[in-house]
Structure formats: C-alpha cells, structure tokens
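Presented below is the structure to which this report refers.
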Amino acid sequence: MHLNILDIFVLFVVGFWIQRFIRHRRRNVAGLPLPPGPPGFPLLGNLFDFPKTDAWLTGAQWGKTYGSLVYLKVLGRPIIFSNTYEATMDLLDKRSLIYSSRPNLPMLRELMGWDWSISLMPYGPTLQKRRMFLHQFLNRNVMGRHHNNLAMETHQMVLSLIDSPDNYLAHVRRATGAIIMMIAYGHKVGSQGDRYVKLADEALATMSTAGEPGAFLVNFVPSLQYVPEWFPGAGFKRKAKAWRKLSQAMLNDPYEMTKRKILEGTARSSMTSDLVEHYTTKDGHVDGEDDIAASAAVAYAGGSDTTVSAIISFLLALVLYPDVQTRGQEELDRVVGTDRLPTFDDRPTLPYIEGILKETLRWNPVVPGGAPHLLEKDDVYNGYFIPAGSIVLPNQWAMLHDETEYPEPSLFLPERWILKKGQKEPRHPSKVTFGFGRRICPGKELVEDSLYITIVSILATLNVQKAKDAQGEPITPPGRNRKGLVSHPEPFKCAITPRSPEAVAMIRHAIETEQ
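First residue of the sequence shown? That's 0 in my numbering, and the numbers climb one at a time after it.
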C-alpha cells in the first residue's frame, strides 16, 4: 500500500478521534440532557464554530440564545462556556472538589515547557505546595512590607513618564517588572530596564498567544504533538521549540542568579532567598528546589503581565473619559492636598479613587475568557448532565459586562461605586477578575495594591489626555485589545504632561528620599 502524506494525516486524525470517542464516551445514567448549545457536525462537533480569538465575546453572544451554560463539543472534547457569576460560583467554587483541575494544553505544557506554572497544573500536592509558598509572601497580612518598594518604583515610573511620555508602555513594564523582581528575587532593576524583565516579557507574550482558546488545534487533538516538525501543518511545533527556550530561561535564569548571590553573601531578602535558606540542609542541598524556582517564576508571571494590562487600561480610560481624571484629581487635592504624594494610608478616605480602581478591573478585564477548569467526574447541574472531562471556561468578560449588575457596562463609570442611601452595591470585580474556587490568583493583593498606588500617583502629578494630529485635532484611541489569553489594549497615542512644576519637584524629592 502506497500512502501519501495527506493519507497518513487523515488516518492519523480518524484513528485519534475513534480512540478519543471510546475513551471519553460517558454513560448518562440519569437520562438528562446536556446543556444547550450550537449544533455541530458528526465527528468534528463544533470545530468550525469555536473562535480562534475573542472566544469570550462569542460565548457571551451564545449565552443570549442558550443561557448561562453553553455546551460545545470539539473533536470529542466537551467545552462549556459559563457566562454568569451565579452558575460559575455554583460549579467552580461550591463544587471545587471536582472542578479545580486544569485541562492538558499540550502546546503550552509539553511543547513550550510551561508545565512548571501553577496556572496550568492539575490540582494536587505540587500545586498546593507552590501556592503555599506564594501565599506566604503575597497575602494581605504581609503586603505592608512591600509598600515601600511599590511606591518607589511607581514614583520612578511617573518621573520616566514626565521625561519621555511617548514610551509610556516601556515605563509601565519596567516598573511592574521591577516590583516583582525585588519581591521574588531581591533583584534591583535599573532605570533603563533589565535583561530578566525583557526575558520574562517575551516569554509571557508567547504564553498569552498560545493560551488563547482555539489558537492551536493541538490543544484539542493532543496526539498532534507527536507529528514531526517537517510534517505539513506542523509549524506550531517549530514555534513551540523556539518559545520553549524563553519559558525555561524565565524559570531558571533569575533563580540561578539569586542562588549565586546567596553563595556570595550579597543576596537581598526575597521570596527566593528566604525559601532557599529555610530549605537548605546541613550538607548544602536545597529541598524542593524545583518548587521554589517555579513559585518565584510564577510570582513574576502572575504579578507583572496582568498588572501591566490593568495599568494601560487605566491610562486608556483617562484618555477616553476626561471627567474621570478631573474628579479623581479633585478628590485627591481635597483629601490629600497638593503638598505631598498620596500613600497607602490614604486609601480608605478616597471613595472615588476606589471606584476608579474597581472600574479598571471591571471595564477591560485582564483575562476576559477566564482560565479553563477541568471537570474530573460526571456532574448534574440544574437538570443538565455535565460529563467528566468537560473544559469549563468562566467567561469573565460576560460576568463583568452583565447589564443587570452593571448598567451601561461598556462605559467606564467610577460613580457606579459611589452609592446613594439604600442603593445596592454592584458585585466587586475582584470576585471575578482573580478566578474562582481553589484556583483564585494568589497574587491578587499585589495586583490591587500596585494598581492603587499607580492610580493615585499618576492622578496627583500628571495629566493624561488625547494626543493631537498634525492638524491639531484630538486623536481618539480605538480602544481595541491585542489577541491573547491576557488582554492588553493595543498601543495608543496620548499626551502625558505634568500637572505643575510643584508636582515634578515632589516626585523628584520622593525618589531622592527613597533611594
């Protein structure tokens, strides 16, 4: 028998599907219906329906037709969009015992080498240990020890925005990277950037691209990871091979740098140095070294990229909604005054600023499609049968743009959080933004504190407005987002200027004092 490459590929896919069908077929003993969803094709299911990008928008549209849970099947794999907060909490929080694992995403885990990341790990002892390490250094009770670092790097960012405002994205990335590099590794990032920050940014960009639902077929057909690189259509393997170098370097390089400093006696106190010293045995062996290195790298991955996205969304909101800036500055001037910079102690007295922070998290969610959860055993919910092996996608965008909870959800309205007597407070976006159940982001306190000090520092010292074109006409940013698991606003032009000479002097004095 002579088979060409196409014949081999077809046989390979058909064989895989038959094997998968047999392995994943579930007996619905109760005779209950599956959740509703768009009809699919035999064998292929909803392969052609599932969007390669912006899946959360399609899921939300389907939700208007089919309800809070939308069921699809792609090449034998059940996928469920959970579009409402109530359904998502019922499944992922109240039934977290069976909904807390992660689906295997071969493009990320096996091919790109992200198997060390807790965001992709199945639920189990290794995940619990690494989360314990992160909680130990990032919980609310210890965040106060990081506040000086957060303020210092944020003030340096503001000064950089004054000196070269067109490079605002680079300044934000440097500041967020510097904050987490100090916490995780005790590493001081220079004012012009750092090789470790650049490395992590590049690695996280590839992770975001590969992690978006529907981006790579191999995540639905895991056997495709075994096809050779020369095979037609196997370009994803060549990409993964190059991207793997970044994920491994992000994991190992800063950790080894910190270990060298520990041996030299020059290491600052940090998550890595404290854990290494605590778990070093008398013979010099570090127990659980893989867990320590991975936890530190996860801290950077979770605390940097998401914070950058939120800060850029805040800047975009100031450009598109100038009244927000005016009201925020008025509150700061009235409560804090103009002769000092705002601090963390001021936060309880700034309700409109708190509204800006909440609205930043809600309006343009950092992970709009949510992190996928894996159901480990058959379940029944609201009269529907949900088979084991289902991937549940908590549609954060749909939850945070629910018109019944947030009227006019597409608008950036901090005043929605300033309540009148008897008015019900909308659901705090942090209940959605940072995940659900046993997979809630362990760095949520760091993200919120970083966002707060950025908001108050920028509003106290800068004006962020629309840029003007060559004819002097204001340029309105389109407000689009880049594609990826972590959503970033596309770069936009804006005009960033100091509020006053006194504001510039305050920033320079603060930096001199904090050095």
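Backbone N, C-alpha and C define an ideal beta-carbon position, used for all residues, glycine too.
Only a predicted model underlies this, so the values are computations on that prediction, with no experimental measurement involved.
What would DSSP say about residue i, mapped onto helix, strand or coil?
i, result
"K482", "coil"
"R378", "Reading off the sequence, residue 378 comes out as Asp, not Arg. In this structure, D378 counts as strand in the three-state DSSP scheme."
"T265", "coil"
"I117", "coil"
"S81", "strand"
"T348", "helix"
"S67", "coil"
"T257", "helix"
"P124", "helix"
"R237", "helix"
"M249", "helix"
"N520", "This structure leaves residue 520 out entirely; the chain is present only between 0 and 514."
"Y320", "coil"
"H400", "coil"
"A469", "coil"
"M156", "helix"
"R22", "Because the pLDDT at R22 is just 47, under 50, the model does not fix this residue reliably, and the value given afterwards should be weighed accordingly. It is helical."
"G327", "helix"
"L314", "helix"
"L2", "Legend: pLDDT at L2 = 35, less than 50; position of this residue unreliable, value from coordinates given subsequently. DSSP places L2 in coil when its eight states are reduced to three."
"K93", "coil"
"T337", "coil"
"V366", "coil"
"G354", "helix"
"G58", "helix"
"L360", "helix"
From residue i to residue j, what does the alpha carbon distance come to, in whole angstroms?
i, j, result
"G39", "M111", "31 Å"
"R326", "H487", "26 Å"
"I157", "T306", "A small correction: the amino acid at residue 157 is Val; Ile does not occupy that position in the sequence shown. Approximately 16 Å between the Cα atoms of the pair."
"H284", "S207", "35 Å"
"N138", "M131", "10 Å"
"E276", "Q514", "27 Å"
"A293", "S246", "11 Å"
"A248", "M142", "28 Å"
"R438", "T475", "38 Å"
"E402", "W396", "12 Å"
"A218", "P102", "Position check: residue 218 holds Asn in this sequence, whereas Ala was assumed. If I take the Cα positions, the gap works out to 9 Å."
"R361", "G434", "13 Å"
"D6", "G232", "Confidence at D6 is low in this model, with a pLDDT of 41, below 50, so its placement is unreliable and the value that follows should be read with caution. Taking the straight line from one Cα to the other gives about 14 Å."
"T496", "D162", "9 Å"
"D48", "P121", "27 Å"
"L392", "A370", "7 Å"
"F80", "G30", "22 Å"
"Y299", "A183", "7 Å"
"D322", "D468", "22 Å"
"W115", "L133", "14 Å"
"C493", "L315", "8 Å"
"F384", "I390", "14 Å"
"A54", "K357", "24 Å"
"K419", "R426", "16 Å"
"P124", "F235", "31 Å"
"E228", "A209", "17 Å"
"E424", "T279", "49 Å"
"A174", "T153", "6 Å"
"R25", "L46", "Note on R25: pLDDT 47, under 50, position unreliable in the model; the coordinate value appears next. Between R25 and L46, the C-alpha separation is close to 20 Å."
"G58", "N82", "7 Å"
"S190", "V431", "34 Å"
First and last residue of the beta strand (DSSP E) that includes residue i?
i, result
"Q464", "L461 to K465"
"P497", "C493 to P497"
"F343", "No beta strand (DSSP E) contains F343, which DSSP labels as neither H nor E."
"I385", "Y383 to I385"
Who does residue i pair with in a DSSP beta bridge?
i, result
"G44", "F40 and V73"
"F49", "DSSP, once it has assigned bridges, lists no residue as partnering F49."
"T279", "V285"
"S100", "L373"
"H487", "R481"
State yes or no: is the beta carbon of residue i nearer than 7 Å to at least one beta carbon in chain B?
i, result
"G368", "Absent from the structure: chain B. Only one protein chain is present."
Taking the continuous alpha helix (DSSP H) assigned at residue i, which residues delimit it?
i, result
"L392", "No alpha helix (DSSP H) contains L392, which is instead part of the beta strand (DSSP E) from I390 to P393."
"T475", "It is not in any alpha helix (DSSP H) - T475 carries neither H nor E in the DSSP assignment."
"H508", "P500 to E513"
Inside the region 162 to 231 only - alpha helix (DSSP H) runs reaching at least 4 residues: 167 to 184 and 194 to 210
For a minimum of 3 consecutive residues, which ranges assigned as the beta strand (DSSP E) are wholly contained in the region 406 to 446? none
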